[in-house]
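Visitor:
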Amino acid sequence: MTNILTDKFNRQHSYLRISLTERCNLRCTYCMPEAGVPLSPKSHLMTYEEVYNIAKTFVNHGVTKIRLTGGEPLVRKDFSTILEKLASLPVELSITSNAVIIDRFIDDLKKYGVKNINVSLDSLSKDKFTHITRRNNFDKVYNNILQLINEGFNVKLNAVLMKGFNEDEIVDFIKFTKDLPISVRFIEFMPFDGNKWDMSKMISYAEVMQFAEEAFDKKDIIRLTDAPNDTSKNYKIEGYKGSFAIISSVTNPFCDSCNRLRLTANGQLKNCLFSSEESDLLTTLREGKSIEPVIKKAVAAKFKIRGGMDTLKKLKTPDLHGKNRSMITIGG
-10 MTNILTDKFN
0 RQHSYLRISL
10 TERCNLRCTY
20 CMPEAGVPLS
30 PKSHLMTYEE
40 VYNIAKTFVN
50 HGVTKIRLTG
60 GEPLVRKDFS
70 TILEKLASLP
80 VELSITSNAV
90 IIDRFIDDLK
100 KYGVKNINVS
110 LDSLSKDKFT
120 HITRRNNFDK
130 VYNNILQLIN
140 EGFNVKLNAV
150 LMKGFNEDEI
160 VDFIKFTKDL
170 PISVRFIEFM
180 PFDGNKWDMS
190 KMISYAEVMQ
200 FAEEAFDKKD
210 IIRLTDAPND
220 TSKNYKIEGY
230 KGSFAIISSV
240 TNPFCDSCNR
250 LRLTANGQLK
260 NCLFSSEESD
270 LLTTLREGKS
280 IEPVIKKAVA
290 AKFKIRGGMD
300 TLKKLKTPDL
310 HGKNRSMITI
320 GG
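Using the working numbering, read the sequence shown as starting at -10 and increasing by one per residue.
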(Lines of atoms letter the chains of each structure in order from A and count residues from 1; the text may use other names and numbers.)
(Lines give C-alpha, C1' and ligand atoms only; values in the text may rest on other atoms or scores of the structure.)
Protein backbone atom coordinates (compact mmCIF):
# COMPACT_ATOMS: atom_id res chain seq x y z
CA MET A 1 0.00 0.00 0.00
CA THR A 2 1.33 3.41 -0.88
CA ASN A 3 1.70 6.21 1.65
CA ILE A 4 -1.29 8.15 0.39
CA LEU A 5 -3.63 5.96 2.52
CA THR A 6 -1.31 5.54 5.53
CA ASP A 7 -1.70 8.04 8.36
CA LYS A 8 0.88 9.29 10.86
CA PHE A 9 -0.06 6.50 13.27
CA ASN A 10 0.81 3.94 10.57
CA ARG A 11 -2.82 2.92 10.08
CA GLN A 12 -3.36 1.71 6.54
CA HIS A 13 -6.79 2.46 5.10
CA SER A 14 -8.14 -0.30 2.88
CA TYR A 15 -11.89 0.19 3.46
CA LEU A 16 -13.96 2.95 1.84
CA ARG A 17 -17.58 3.61 2.72
CA ILE A 18 -19.39 5.52 -0.02
CA SER A 19 -22.70 7.25 0.63
CA LEU A 20 -24.76 7.33 -2.56
CA THR A 21 -27.55 9.59 -1.37
CA GLU A 22 -28.74 11.74 1.50
CA ARG A 23 -32.31 10.58 0.92
CA CYS A 24 -34.03 7.80 2.83
CA ASN A 25 -37.45 6.15 2.91
CA LEU A 26 -37.34 5.98 6.73
CA ARG A 27 -36.90 8.75 9.31
CA CYS A 28 -34.97 7.14 12.16
CA THR A 29 -34.70 9.51 15.11
CA TYR A 30 -31.02 8.80 15.93
CA CYS A 31 -30.04 9.37 12.29
CA MET A 32 -32.18 12.25 11.06
CA PRO A 33 -33.35 15.36 12.95
CA GLU A 34 -37.13 15.45 13.40
CA ALA A 35 -37.44 18.44 11.08
CA GLY A 36 -35.42 16.65 8.40
CA VAL A 37 -32.19 17.88 6.84
CA PRO A 38 -31.49 20.32 4.02
CA LEU A 39 -30.55 18.13 1.08
CA SER A 40 -27.69 18.96 -1.23
CA PRO A 41 -28.81 20.13 -4.69
CA LYS A 42 -28.61 17.33 -7.25
CA SER A 43 -25.83 19.16 -9.09
CA HIS A 44 -23.71 18.94 -5.91
CA LEU A 45 -23.99 15.15 -5.68
CA MET A 46 -21.64 12.68 -7.31
CA THR A 47 -22.81 11.18 -10.60
CA TYR A 48 -22.31 7.47 -11.10
CA GLU A 49 -19.23 8.23 -13.23
CA GLU A 50 -17.77 10.37 -10.45
CA VAL A 51 -18.48 7.69 -7.84
CA TYR A 52 -16.60 5.22 -10.03
CA ASN A 53 -13.66 7.52 -10.79
CA ILE A 54 -13.13 8.46 -7.15
CA ALA A 55 -13.48 4.83 -6.05
CA LYS A 56 -11.00 3.73 -8.72
CA THR A 57 -8.39 6.14 -7.33
CA PHE A 58 -8.79 4.66 -3.86
CA VAL A 59 -8.61 1.10 -5.19
CA ASN A 60 -5.43 1.98 -7.10
CA HIS A 61 -3.88 2.97 -3.77
CA GLY A 62 -4.87 -0.07 -1.76
CA VAL A 63 -8.58 -0.03 -0.95
CA THR A 64 -9.85 -3.61 -1.10
CA LYS A 65 -13.35 -3.19 0.32
CA ILE A 66 -16.13 -0.73 -0.55
CA ARG A 67 -19.43 -0.49 1.30
CA LEU A 68 -22.34 1.42 -0.25
CA THR A 69 -24.43 3.38 2.22
CA GLY A 70 -26.80 6.33 2.42
CA GLY A 71 -29.37 7.58 3.38
CA GLU A 72 -30.83 4.51 1.82
CA PRO A 73 -28.59 3.63 -1.16
CA LEU A 74 -31.32 1.68 -2.92
CA VAL A 75 -33.52 4.76 -3.43
CA ARG A 76 -30.97 6.12 -5.87
CA LYS A 77 -32.33 5.54 -9.38
CA ASP A 78 -28.98 4.57 -10.86
CA PHE A 79 -28.02 2.23 -8.03
CA SER A 80 -27.72 -0.79 -10.34
CA THR A 81 -25.50 1.17 -12.73
CA ILE A 82 -23.21 2.21 -9.87
CA LEU A 83 -23.07 -1.40 -8.70
CA GLU A 84 -22.15 -2.60 -12.17
CA LYS A 85 -19.38 0.00 -12.51
CA LEU A 86 -17.86 -0.71 -9.11
CA ALA A 87 -18.05 -4.46 -9.67
CA SER A 88 -15.49 -4.01 -12.48
CA LEU A 89 -12.90 -3.00 -9.85
CA PRO A 90 -10.84 -5.58 -7.92
CA VAL A 91 -12.67 -4.91 -4.67
CA GLU A 92 -15.12 -6.57 -2.27
CA LEU A 93 -18.51 -4.86 -2.48
CA SER A 94 -21.01 -4.75 0.38
CA ILE A 95 -24.04 -2.65 1.28
CA THR A 96 -25.86 -1.21 4.28
CA SER A 97 -29.62 -0.90 3.79
CA ASN A 98 -32.84 -0.58 5.75
CA ALA A 99 -34.17 -3.45 3.56
CA VAL A 100 -37.51 -1.79 2.80
CA ILE A 101 -37.11 -2.30 -0.96
CA ILE A 102 -34.08 -4.61 -1.11
CA ASP A 103 -36.15 -7.49 -2.53
CA ARG A 104 -36.26 -5.58 -5.83
CA PHE A 105 -32.46 -5.73 -6.11
CA ILE A 106 -31.64 -9.31 -5.11
CA ASP A 107 -30.82 -10.34 -8.69
CA ASP A 108 -28.51 -7.34 -9.17
CA LEU A 109 -26.77 -7.94 -5.84
CA LYS A 110 -26.08 -11.53 -6.82
CA LYS A 111 -25.04 -10.61 -10.37
CA TYR A 112 -22.43 -8.13 -9.16
CA GLY A 113 -21.03 -10.25 -6.36
CA VAL A 114 -22.44 -8.57 -3.26
CA LYS A 115 -22.51 -11.18 -0.50
CA ASN A 116 -22.45 -9.14 2.72
CA ILE A 117 -25.47 -7.04 3.63
CA ASN A 118 -25.97 -5.02 6.81
CA VAL A 119 -29.58 -4.23 7.65
CA SER A 120 -30.54 -1.53 10.14
CA LEU A 121 -33.22 -2.86 12.52
CA ASP A 122 -33.56 -1.35 15.97
CA SER A 123 -36.53 -3.31 17.25
CA LEU A 124 -38.27 -6.64 16.78
CA SER A 125 -41.51 -4.96 17.87
CA LYS A 126 -43.71 -3.61 15.11
CA ASP A 127 -44.93 -0.71 17.25
CA LYS A 128 -41.43 0.29 18.33
CA PHE A 129 -40.18 0.03 14.77
CA THR A 130 -42.90 2.44 13.65
CA HIS A 131 -42.02 4.82 16.48
CA ILE A 132 -38.28 4.92 15.81
CA THR A 133 -38.49 5.04 12.00
CA ARG A 134 -41.65 7.17 11.79
CA ARG A 135 -42.81 4.73 9.09
CA ASN A 136 -44.95 1.55 9.07
CA ASN A 137 -42.66 -0.86 7.20
CA PHE A 138 -41.83 -3.50 9.81
CA ASP A 139 -43.46 -6.47 8.07
CA LYS A 140 -41.75 -5.66 4.78
CA VAL A 141 -38.34 -5.31 6.41
CA TYR A 142 -38.71 -8.47 8.50
CA ASN A 143 -39.79 -10.57 5.51
CA ASN A 144 -36.98 -9.15 3.37
CA ILE A 145 -34.42 -10.09 6.03
CA LEU A 146 -35.66 -13.68 5.94
CA GLN A 147 -35.59 -13.65 2.14
CA LEU A 148 -31.98 -12.41 2.11
CA ILE A 149 -30.97 -15.24 4.42
CA ASN A 150 -32.82 -17.78 2.29
CA GLU A 151 -31.08 -16.41 -0.82
CA GLY A 152 -27.70 -17.11 0.76
CA PHE A 153 -26.52 -13.60 1.69
CA ASN A 154 -24.44 -13.01 4.82
CA VAL A 155 -26.74 -10.76 6.84
CA LYS A 156 -25.88 -8.60 9.84
CA LEU A 157 -28.52 -6.68 11.77
CA ASN A 158 -27.43 -3.30 13.14
CA ALA A 159 -29.40 -2.27 16.23
CA VAL A 160 -28.70 1.12 17.84
CA LEU A 161 -29.43 0.76 21.55
CA MET A 162 -31.16 3.58 23.43
CA LYS A 163 -32.08 3.53 27.09
CA GLY A 164 -35.81 3.53 27.69
CA PHE A 165 -36.49 2.35 24.16
CA ASN A 166 -35.03 -1.01 23.22
CA GLU A 167 -32.62 -2.24 25.92
CA ASP A 168 -35.38 -4.64 27.00
CA GLU A 169 -35.02 -6.34 23.60
CA ILE A 170 -31.32 -7.19 23.89
CA VAL A 171 -32.04 -10.77 24.95
CA ASP A 172 -34.77 -11.10 22.30
CA PHE A 173 -32.27 -10.04 19.63
CA ILE A 174 -29.75 -12.60 20.88
CA LYS A 175 -32.42 -15.31 20.84
CA PHE A 176 -33.21 -14.26 17.26
CA THR A 177 -29.85 -15.79 16.32
CA LYS A 178 -30.82 -19.25 17.63
CA ASP A 179 -32.25 -20.65 14.40
CA LEU A 180 -30.95 -18.13 11.87
CA PRO A 181 -27.36 -17.79 10.56
CA ILE A 182 -27.39 -14.07 11.26
CA SER A 183 -25.23 -11.68 13.28
CA VAL A 184 -26.97 -9.10 15.45
CA ARG A 185 -24.73 -6.12 16.21
CA PHE A 186 -25.59 -3.83 19.09
CA ILE A 187 -24.34 -0.29 18.48
CA GLU A 188 -23.80 2.28 21.20
CA PHE A 189 -25.83 5.46 20.62
CA MET A 190 -23.45 8.05 19.18
CA PRO A 191 -23.63 11.87 18.99
CA PHE A 192 -24.52 13.48 15.66
CA ASP A 193 -26.17 16.74 14.68
CA GLY A 194 -29.86 16.80 15.55
CA ASN A 195 -30.20 13.40 17.26
CA LYS A 196 -30.47 14.74 20.84
CA TRP A 197 -27.66 12.54 22.09
CA ASP A 198 -26.64 12.46 25.70
CA MET A 199 -24.70 9.93 27.73
CA SER A 200 -27.72 8.93 29.82
CA LYS A 201 -29.47 7.47 26.75
CA MET A 202 -26.59 5.16 25.90
CA ILE A 203 -26.38 1.42 26.62
CA SER A 204 -22.72 0.52 27.04
CA TYR A 205 -20.80 -2.58 26.07
CA ALA A 206 -20.68 -3.63 29.74
CA GLU A 207 -24.44 -3.24 30.11
CA VAL A 208 -25.12 -5.37 27.02
CA MET A 209 -22.94 -8.13 28.44
CA GLN A 210 -24.75 -7.85 31.78
CA PHE A 211 -28.08 -8.47 30.02
CA ALA A 212 -26.59 -11.48 28.22
CA GLU A 213 -25.03 -12.96 31.35
CA GLU A 214 -28.29 -12.65 33.28
CA ALA A 215 -30.23 -14.46 30.54
CA PHE A 216 -27.74 -17.20 29.60
CA ASP A 217 -25.33 -19.44 31.43
CA LYS A 218 -21.91 -17.77 31.31
CA LYS A 219 -20.25 -20.92 30.01
CA ASP A 220 -22.61 -20.85 27.01
CA ILE A 221 -21.56 -17.33 25.98
CA ILE A 222 -18.65 -17.95 23.61
CA ARG A 223 -16.18 -15.18 22.74
CA LEU A 224 -15.44 -15.41 19.03
CA THR A 225 -12.25 -14.36 17.27
CA ASP A 226 -12.71 -10.90 15.78
CA ALA A 227 -11.68 -10.30 12.18
CA PRO A 228 -8.70 -8.00 11.52
CA ASN A 229 -9.77 -4.32 11.76
CA ASP A 230 -13.15 -5.42 13.13
CA THR A 231 -15.21 -2.71 14.82
CA SER A 232 -17.15 -5.20 16.92
CA LYS A 233 -16.53 -7.62 19.77
CA ASN A 234 -18.17 -10.86 18.70
CA TYR A 235 -19.95 -13.57 20.67
CA LYS A 236 -22.33 -16.45 20.18
CA ILE A 237 -24.48 -18.66 22.36
CA GLU A 238 -23.51 -22.32 22.42
CA GLY A 239 -25.65 -24.23 19.91
CA TYR A 240 -27.01 -21.12 18.17
CA LYS A 241 -26.68 -20.79 14.40
CA GLY A 242 -25.99 -17.08 14.51
CA SER A 243 -23.97 -14.70 16.67
CA PHE A 244 -24.12 -11.29 18.32
CA ALA A 245 -21.63 -8.46 18.60
CA ILE A 246 -21.17 -5.08 20.25
CA ILE A 247 -19.84 -1.96 18.53
CA SER A 248 -18.67 0.25 21.38
CA SER A 249 -17.50 3.41 19.64
CA VAL A 250 -18.15 5.48 22.77
CA THR A 251 -17.00 3.39 25.73
CA ASN A 252 -14.37 1.21 24.02
CA PRO A 253 -13.24 2.89 20.79
CA PHE A 254 -11.44 0.72 18.27
CA CYS A 255 -9.43 3.54 16.72
CA ASP A 256 -6.02 1.84 16.94
CA SER A 257 -6.97 -0.61 14.19
CA CYS A 258 -9.17 1.71 12.12
CA ASN A 259 -8.81 1.21 8.36
CA ARG A 260 -11.92 3.15 7.28
CA LEU A 261 -12.53 6.30 5.29
CA ARG A 262 -15.89 7.79 4.34
CA LEU A 263 -17.05 9.54 1.18
CA THR A 264 -20.27 11.52 1.46
CA ALA A 265 -22.84 11.71 -1.32
CA ASN A 266 -21.67 15.22 -2.18
CA GLY A 267 -18.08 14.10 -2.57
CA GLN A 268 -16.56 15.10 0.76
CA LEU A 269 -13.96 12.81 2.30
CA LYS A 270 -14.24 12.26 6.07
CA ASN A 271 -11.27 10.58 7.67
CA CYS A 272 -13.31 9.68 10.76
CA LEU A 273 -17.00 9.25 11.55
CA PHE A 274 -16.67 11.67 14.47
CA SER A 275 -14.64 14.33 12.68
CA SER A 276 -16.19 17.63 11.65
CA GLU A 277 -13.40 18.16 9.12
CA GLU A 278 -14.04 17.28 5.45
CA SER A 279 -12.00 17.36 2.27
CA ASP A 280 -13.66 18.26 -1.03
CA LEU A 281 -12.82 15.58 -3.59
CA LEU A 282 -15.71 16.30 -5.94
CA THR A 283 -14.82 19.92 -6.72
CA THR A 284 -11.20 18.93 -7.27
CA LEU A 285 -12.28 16.14 -9.62
CA ARG A 286 -14.59 18.43 -11.58
CA GLU A 287 -11.80 20.95 -11.98
CA GLY A 288 -9.79 18.26 -13.73
CA LYS A 289 -7.19 18.12 -10.98
CA SER A 290 -5.77 15.07 -9.24
CA ILE A 291 -7.61 14.13 -6.07
CA GLU A 292 -4.61 12.21 -4.71
CA PRO A 293 -3.00 15.19 -2.90
CA VAL A 294 -6.35 15.98 -1.23
CA ILE A 295 -6.73 12.37 -0.10
CA LYS A 296 -3.16 12.24 1.20
CA LYS A 297 -3.60 15.45 3.21
CA ALA A 298 -6.91 14.27 4.68
CA VAL A 299 -5.52 10.89 5.73
CA ALA A 300 -2.41 12.49 7.23
CA ALA A 301 -4.59 14.79 9.35
CA LYS A 302 -6.54 11.95 10.96
CA PHE A 303 -6.58 12.08 14.76
CA LYS A 304 -5.56 9.08 16.82
CA ILE A 305 -8.96 8.76 18.52
CA ARG A 306 -12.51 9.77 17.44
CA GLY A 307 -11.74 12.93 15.50
CA GLY A 308 -9.81 14.35 18.46
CA MET A 309 -12.49 13.53 21.04
CA ASP A 310 -10.22 11.23 23.01
CA THR A 311 -12.09 11.48 26.32
CA LEU A 312 -15.74 11.08 27.28
CA LYS A 313 -15.70 14.69 28.50
CA LYS A 314 -14.78 15.89 25.00
CA LEU A 315 -17.36 13.58 23.47
CA LYS A 316 -20.05 15.18 25.63
CA THR A 317 -19.11 18.60 24.22
CA PRO A 318 -18.65 17.82 20.50
CA ASP A 319 -19.17 21.44 19.43
CA LEU A 320 -15.69 22.18 20.76
CA HIS A 321 -14.41 20.27 17.74
CA GLY A 322 -16.71 21.87 15.17
CA LYS A 323 -20.18 20.79 14.15
CA ASN A 324 -20.41 17.34 12.65
CA ARG A 325 -23.12 16.36 10.16
CA SER A 326 -26.28 14.45 10.97
CA MET A 327 -25.74 10.75 10.42
CA ILE A 328 -27.94 10.60 7.32
CA THR A 329 -25.71 13.05 5.46
CA ILE A 330 -22.52 11.25 6.52
CA GLY A 331 -23.54 7.77 5.44
CA GLY A 332 -24.34 4.83 7.70
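Built from N, CA and C at the ideal position, the CB exists for glycine as well.
Give me, in chain order, the residues of the same chain whose beta-carbon lies closer than 8 Å to that of L274; leave out the 5 immediate sequence neighbours on both sides.
Guide: E39, N42, I43, G256 and I280
Visitor: From E81 to P217, what does the alpha carbon distance come to, in whole angstroms?
Guide: 15 Å
Visitor: Could you compute how far the alpha carbon of D111 sits from the alpha carbon of F205?
Guide: F205 has its alpha-carbon roughly 22 Å from the corresponding atom of D111.
Visitor: Fully enclosed by the segment 196 to 233, which beta strand (DSSP E) runs are 3 residues long or longer?
Guide: 210 to 212 and 222 to 226
Visitor: Can you tell me which of F178, K225 and S32 puts its alpha carbon nearest to the alpha carbon of T240?
Guide: F178
Visitor: Please list, in chain order, all residues of the same chain as N143 whose beta carbon is under 6 Å from its beta carbon, the five residues on each side excluded.
Guide: Short of 6 Å from the beta carbon of N143, and not among the five residues preceding or following it, lie these beta carbons of its own chain, in chain order: K104 and N105.
Visitor: Can the beta-carbon of A287 be found less than 9 Å from the beta-carbon of K(-3)?
Guide: no
Visitor: Between K293 and the rest of its own chain, which residues show a CB-CB distance below 6 Å, the 5 nearest in sequence each way excluded?
Guide: F(-2)
Visitor: Taking the straight line between their C-alpha atoms, what separation do you get for G51 and D116?
Guide: 44 Å
Visitor: Compute the beta-carbon to beta-carbon distance between R249 and H33, rounded to the nearest angstrom, for a pair I have assumed lies under 8 Å.
Guide: About 24 Å; that fails the 8 Å criterion.
Visitor: State the Cα-Cα distance for the pair V322 and A88, rounded to the nearest angstrom.
Guide: For residue 322 there is no data in the structure shown, the boundaries of the chain being -10 and 321.
Visitor: Work out the CA separation of G102 and I163 for me, nearest whole Å.
Guide: Within the model, the alpha-carbon separation for I163 versus G102 is close to 29 Å.
Visitor: Using C-beta distances below 6 Å, list every residue in its chain close to R123, excluding the 5 sequence neighbours before and after it, in chain order.
Guide: R16
Visitor: Measuring alpha carbon to alpha carbon, tell me which of R93, I211, P79 and G60 ends up nearest S69.
Guide: R93
Visitor: Residues in its own chain within less than 6 Å of Y4 by CB, not counting five upstream and five downstream?
Guide: K54, N248 and R249
Visitor: Which runs of the beta strand (DSSP E) fall wholly inside the segment 58 to 114 and span at least 3 residues, in chain order?
Guide: At a cut-off of 3 residues, the continuous stretches assigned as beta strand (DSSP E) that sit fully inside the segment 58 to 114 are 81 to 86 and 105 to 109.
Visitor: Among all the DSSP beta bridges, which residues are the ones paired with Q257?
Guide: D269
Visitor: Under the three-state reduction of DSSP, which class applies to S8: helix, strand or coil?
Guide: strand
Visitor: Residues bridged to K45 by DSSP?
Guide: Bridge partners of K45: none, in fact.
Visitor: Counting only the same chain and skipping the five closest in sequence on each side, list residues whose C-beta sits under 7 Å from that of E170.
Guide: Sequence inspection shows Pro at residue 170; the Glu mentioned does not correspond to that position. Hits under 7 Å: I138, K230 and G231.
Visitor: I need the boundaries of the beta strand (DSSP E) containing L150, first residue and last residue.
Guide: Per DSSP, L150 belongs to the beta strand (DSSP E) from N143 to L150.
Visitor: What's the call for T214, buried or exposed, on a 16-neighbour Cβ count within 10 Å?
Guide: So T214 ends up on the exposed side.
Visitor: Measure the alpha-carbon distance for I121 versus E61 and round it to whole angstroms.
Guide: 16 Å
Visitor: Excluding the five sequence neighbours on either side, which residues of its own chain have a C-beta within less than 6 Å of the C-beta of F118, listed in chain order?
Guide: S112 and F127
Visitor: Using 10 angstroms around the beta-carbon of I211, count the other beta-carbons present and answer buried if the total reaches 16, otherwise exposed.
Guide: exposed
Visitor: Taking DSSP as the reference, what is the three-state secondary structure of L250?
Guide: strand
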